[in-house]
Amino acid sequence: MRRNIGLAGQTASLDESLTGSGNLVMVGQLCRLPRRRAQRRAEELLTQFELADAGDRGVKTYSGGMRRRLDLAASLVTRPPILFLDEPTTGLDPRSRLALWDIIGTLVADGTTVLLTTQYLEEADHLADKIIVIDRGSVIAQGSSDELKAQVGGDRIEVTVAAESDLAAAREVLAHYAEGVIHVDPDRRRVDASVPAGARSIPAIAAAMSKAGLLIDDLGMQRPSLDDVFLKLTGHSADPVAVHSEKAALA
Amino acid sequence: MRSTLTSPATTQVESMPWRAWWSFRNTLVLARRGVARIVREPSQLLDVTLQPLIFVLLFVYVFGSAIKVPGGGNYYEYLIGGMFGMALVGTAQGTAVGVSTDMATGLIDRFRALPISRSAVLGGRVIADLLTEVIAIVVLVITGLAVGWRIHNGVDDAVLAFGLCLLIAFAMTWAGACAGMLVRNPEAAAAVGFIFFLPLVFVSNTFVPTQGMPAWLRVVADWNPVSAVASSCRDLFGNPNPSSHIAAWPMQHPELATVLWSIGLLAVFAPLAVYFYRRKSL
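Residue numbers (the working numbering), protein chains in the order written: chain A, 1 to 251; chain B, 252 to 533.
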């Protein structure tokens with residue numbers, strides 16, 4: 001069982017007194033690779049994780065991002081078909097986070113099933129095929145990112161008019177295409193509403209606006225973020241959220 | 252998911268000898284890690300080399316100048332046997348700090364996620380620490396020879412003495428592993444080591460003969476395993492051993508007492524360490 005699973009936690013589980021490559025070779029040998037093959041695999045992984053130059057340095061000298069990458073590399077020594085990642089990018093700088101996202105994306109594309117938990121909904125949106133939202137210990141929603149976003153009302157259109165006096169007219173035009181409440185924001189001279197037809201309704205709305213003699217400064221679609229979804233679902237700000245990324249269907 | 256979950260590794264059942272063989276191999280890999288650690292982090296090595304060396308010099312030249320060995324003989328000849336006892340306690344302390352470091356850094360969690368046996372993780376540690384004990388013994392022998400200590404009996408007896416030191420050190424490292432697993436952080440492990448191990452070394456015949464101690468303390472000192480090791484070494488090296496005149500059973504049979512203590516400590520602490528490893532590293 002344990003042979004099919006890779007695990008990387010929130011904190012890097014590494015031997016500080018060994019080198020980067022020493023850690024990987026050790027894990028390889030513990031997973032019953034002969035010494036030579038363990039060394040080759042270590043080199044492969046160090047290259048893949050852009051740690052080749054640092055391989056012979058002690059882990060003690062590594063930055064947070066490097067440790068996290070090495071930790072992930074260590075959990076991939078045996079190419080496990082299932083990988084558990086517990087908040088893999090927590091506390092990383094944006095560059096390291098993007099690098100780690102790339103790596104995870106490649107793994108998934110190569111057929112690894114990844115289960116990752118994260119507090120960053122942006123991360124879930126970026127990486128996951130299937131998302132499970134957990135709030136206070138129970139599952140409150142699941143589905144793809146698009147499905148979840150559709151739950152909060154789908155795409156919204158935002159129209160900014162040139163003059164505040166045109167707001168009422170703009171609201172009236174929008175009412176033909178929108179569903180639910182239409183928000184009017186006089187300060188920004190903006191009306192917004194959710195439109196079931198999404199981006200396809202843009203030309204029609206634009207045409208109707210100009211036919212009504214309205215001068216438009218800006219018109220655009222706004223997709224809800226997963227943060228909106230979470231807030232809508234829970235009614236409070238983000239608690240730990242579990243996200244399930246499963247690309248195994250592709251494998 | 253359907254294709255990957257049926258990979259052969261999940262369905263493979265291993266025979267006992269095969270598992271034992273891999274457990275042994277993994278123990279060696281982890282022991283090698285322990286040795287690499289000693290090489291890369293000499294602070295741990297200093298504990299078992301420089302510390303005994305300083306103690307020898309302090310006790311021979313400072314305290315030793317005021318200590319008379321009952322029954323005659325030179326104090327430096329008396330001291331070295333005790334130092335072998337002290338070294339094994341230092342080794343156990345090193346194990347405690349090492350194990351708690353592995354707990355604190357999460358390395359134990361990594362090991363738990365790998366398909367390796369529990370005994371391999373602890374066994375590898377213990378073997379690596381036994382190697383530090385060997386280094387400590389070598390340092391002590393050289394220091395001892397330099398201050399005038401000599402092995403007066405034959406090679407057989409000397410080998411037996413070193414063997415006994417390693418045997419009880421092996422047992423003590425398991426106690427150290429338990430301590431390291433319980434406290435889970437290196438600073439606390441060092442503190443616990445100070446509180447428990449220091450009295451263990453001092454309330455014994457390591458530095459001074461027990462004859463002058465208060466009666467109740469003498470009982471503790473004479474039955475202390477460290478006293479048994481120190482007396483065994485003195486006896487086998489042919490150094491002055493005033494404890495041989497003490498009626499307490501371990502002082503009359505120090506070699507046998509050392510073996511029995513080792514078996515007793517192992518029987519208690521080895522299973523306990525495995526139990527803690529299983530429970531604590533969840």
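Every residue, glycine too, gets a C-beta built ideally from N, C-alpha and C.
Cα-Cα separation, residue i to residue j
{"i": "Ala212(A)", "j": "Ala168(A)", "result": "12 Å"}
{"i": "Val348(B)", "j": "Ala479(B)", "result": "25 Å"}
{"i": "Gly6(A)", "j": "Gln39(A)", "result": "19 Å"}
{"i": "Lys232(A)", "j": "Ser17(A)", "result": "47 Å"}
{"i": "Ser532(B)", "j": "Gly198(A)", "result": "The predicted position of Ser532(B) is uncertain, since its pLDDT is 49 and thus under 50; a value taken from the coordinates is nonetheless stated next. Whole-angstrom Cα-Cα distance: 51 Å."}
{"i": "Asp239(A)", "j": "Glu87(A)", "result": "Summary for Asp239(A): the model assigns pLDDT 47, below 50, so the residue's position carries little reliability, and this model does not support an answer."}
{"i": "Ala124(A)", "j": "Gln142(A)", "result": "12 Å"}
{"i": "Val108(A)", "j": "Arg223(A)", "result": "25 Å"}
{"i": "Ser538(B)", "j": "Thr342(B)", "result": "Look at the range of chain B in this structure, 252 to 533, and you will see that residue 538(B) is not part of it."}
{"i": "Leu373(B)", "j": "Ala74(A)", "result": "20 Å"}
{"i": "Gly55(A)", "j": "Gly20(A)", "result": "5 Å"}
{"i": "Ala442(B)", "j": "Gly431(B)", "result": "11 Å"}
{"i": "Leu46(A)", "j": "Gly22(A)", "result": "11 Å"}
{"i": "Phe448(B)", "j": "Ile289(B)", "result": "21 Å"}
{"i": "Val392(B)", "j": "Gly405(B)", "result": "15 Å"}
{"i": "Ile134(A)", "j": "Ser145(A)", "result": "14 Å"}
{"i": "Ala178(A)", "j": "Val59(A)", "result": "57 Å"}
{"i": "Pro501(B)", "j": "Leu418(B)", "result": "17 Å"}
{"i": "Leu116(A)", "j": "Val280(B)", "result": "30 Å"}
{"i": "Pro522(B)", "j": "Met337(B)", "result": "25 Å"}
{"i": "Val519(B)", "j": "Trp400(B)", "result": "35 Å"}
Closest by C-alpha distance to residue i, when choosing among the options
{"i": "Thr461(B)", "options": "Asn475(B), Ala439(B) and Leu449(B)", "result": "Asn475(B)"}
{"i": "Ser299(B)", "options": "Pro493(B), Val525(B), Thr383(B) and Ser495(B)", "result": "Correcting the residue type first, residue 299(B) is Val in the shown sequence and not Ser. Minimum Cα distance to Val299(B) is reached at Thr383(B)."}
{"i": "Val421(B)", "options": "Trp512(B), Ser482(B), Ala439(B) and Gln503(B)", "result": "Correcting the residue type first, residue 421(B) is Phe in the shown sequence and not Val. The candidate whose alpha carbon is nearest that of Phe421(B) is Trp512(B)."}
{"i": "Phe527(B)", "options": "Arg401(B), Phe310(B) and Leu433(B)", "result": "Leu433(B)"}
{"i": "Asp271(B)", "options": "Arg57(A), Arg32(A) and Asp56(A)", "result": "For the record, residue 271(B) in the displayed sequence is Ala; it is not Asp. Ranking the options by Cα distance to Ala271(B), first place goes to Arg32(A)."}
{"i": "Leu215(A)", "options": "Arg69(A), Arg67(A), Thr113(A) and Val173(A)", "result": "Val173(A)"}
{"i": "Phe362(B)", "options": "Leu24(A), Arg35(A) and Gly137(A)", "result": "Leu24(A)"}
{"i": "Ala409(B)", "options": "Glu265(B), Leu487(B) and Phe275(B)", "result": "Leu487(B)"}
{"i": "Asp155(A)", "options": "Asp185(A), Ser201(A) and Glu164(A)", "result": "Ser201(A)"}
{"i": "Val470(B)", "options": "Phe413(B), Ile331(B), Cys416(B) and Ala499(B)", "result": "Ala499(B)"}
{"i": "Ala508(B)", "options": "Ile402(B), Cys416(B) and Val519(B)", "result": "Cys416(B)"}
{"i": "Phe310(B)", "options": "Val459(B), Pro268(B) and Trp273(B)", "result": "Val459(B)"}
Proximity below 8 Å, CB of residue i to CB of residue j
{"i": "Cys429(B)", "j": "Phe335(B)", "result": "no"}
{"i": "Ser225(A)", "j": "Leu148(A)", "result": "no"}
{"i": "Thr356(B)", "j": "Leu14(A)", "result": "yes"}
{"i": "Gln295(B)", "j": "Gly345(B)", "result": "yes"}
{"i": "Met26(A)", "j": "Arg284(B)", "result": "yes"}
{"i": "Asp110(A)", "j": "Gly65(A)", "result": "no"}
{"i": "Asp187(A)", "j": "Ile157(A)", "result": "no"}
{"i": "Leu127(A)", "j": "Ile104(A)", "result": "yes"}
{"i": "Ala12(A)", "j": "Arg97(A)", "result": "no"}
{"i": "Arg369(B)", "j": "Arg529(B)", "result": "yes"}
{"i": "Ala379(B)", "j": "Ala282(B)", "result": "yes"}
{"i": "Arg41(A)", "j": "Val77(A)", "result": "yes"}
{"i": "Thr394(B)", "j": "Val340(B)", "result": "no"}
{"i": "Glu164(A)", "j": "Arg189(A)", "result": "yes"}
{"i": "Met221(A)", "j": "Val159(A)", "result": "no"}
{"i": "Asp71(A)", "j": "Ala8(A)", "result": "yes"}
Endpoints, beta strand (DSSP E) assigned at residue i
{"i": "Ala141(A)", "result": "Ser138 to Gly143"}
{"i": "Ala199(A)", "result": "Counting along the chain, Ala199(A) falls outside any beta strand (DSSP E), and DSSP gives it neither H nor E."}
{"i": "Gly6(A)", "result": "Ile5 to Ala8"}
{"i": "Thr346(B)", "result": "Per DSSP, Thr346(B) belongs to no beta strand (DSSP E); it is in the alpha helix (DSSP H), Tyr326 to Thr356."}
{"i": "Arg67(A)", "result": "Careful: Arg67(A) lies outside any beta strand (DSSP E), inside the alpha helix (DSSP H) at Gly64 to Ala74."}
{"i": "Glu158(A)", "result": "Arg156 to Val161"}
{"i": "Met221(A)", "result": "Ile216 to Gln222"}
{"i": "Thr19(A)", "result": "Run containing Thr19(A): none; DSSP gives neither H nor E here."}
{"i": "Val184(A)", "result": "Glu179 to Asp185"}
{"i": "Leu365(B)", "result": "From DSSP, Leu365(B) is part of no beta strand (DSSP E); its letter is neither H nor E."}
{"i": "Leu83(A)", "result": "Ile82 to Asp86"}
{"i": "Leu107(A)", "result": "It is not in any beta strand (DSSP E) - Leu107(A) instead sits in the alpha helix (DSSP H) that spans Pro94 to Ala109."}
Endpoints, the alpha helix (DSSP H) within which residue i is located
{"i": "Leu308(B)", "result": "Pro293 to Leu309"}
{"i": "Glu122(A)", "result": "Leu121 to Leu127"}
{"i": "Thr461(B)", "result": "From DSSP, Thr461(B) is part of no alpha helix (DSSP H); its letter is neither H nor E."}
{"i": "Asp166(A)", "result": "Taken as a continuous stretch (DSSP letters only), Asp166(A) belongs to no alpha helix (DSSP H), as it is neither H nor E."}
{"i": "Phe448(B)", "result": "Pro437 to Phe453"}
{"i": "Asp407(B)", "result": "Val406 to Val434"}
{"i": "Ile131(A)", "result": "Here Ile131(A) belongs to no alpha helix (DSSP H); instead the beta strand (DSSP E) covers Ile131 to Asp135."}
{"i": "Leu46(A)", "result": "Arg35 to Gln48"}
Any chain E beta carbon closer than 8 Å to residue i
{"i": "Asp15(A)", "result": "Within the model displayed, chain E is absent; protein chains A and B are what it includes."}
Practice problem: Count the C-beta pairs between the segment 513-531 of chain B and the segment 408-426 of chain B that are closer than 8 Å, then say yes if the count reaches three, no if not. | Solution: yes
Quiz item: For the segment 49-61 of chain A against the segment 316-334 of chain B, are there 3 or more C-beta pairs whose distance is under 8 Å?
Solution: no
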